[in-house]
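See below for the structure under consideration.
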Amino acid sequence: MGQKRIDWVRASTLVSVVILVGTELIGAAWAAGWAIGGLAGLPASHATVIEALGVAAGFAGLYAFVRAAVRHEPIFHAD
């Protein structure tokens, strides 16, 4: 039975893309929460809750992206 090895080129590409996409998703979700709270004229505590919900949605999107990326571009290969 062959041993699975890591394809480091694919792994480094995936890590780089996850960092880039994660920064974009979470930053955009946080900014959207801040903007919604500000436009609605909500108190700071309510705006913070909306920001936290946006960040949670950003992390959920990042999780889905990572799963799809690893499924599409596997980092392990058999010898």
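Numbering (my numbering), first residue to last: 10 to 88. In this text, a Cβ means the ideal position worked out from N, Cα and C, and glycines have one as well.
Pairing VAL18 with PRO83, the inter-Cα distance amounts to about 11 angstroms. Pairwise C-beta distances place the segment 47-58 out of contact with the segment 17-31, as fewer than three of them are shorter than 8 angstroms.
By the neighbour-count definition (other C-beta atoms within 10 Å, threshold 16), GLY47 is an exposed residue. Bounds of any beta strand (DSSP E) do not take in ALA38; it lies within the alpha helix (DSSP H) bounded by 17-48.
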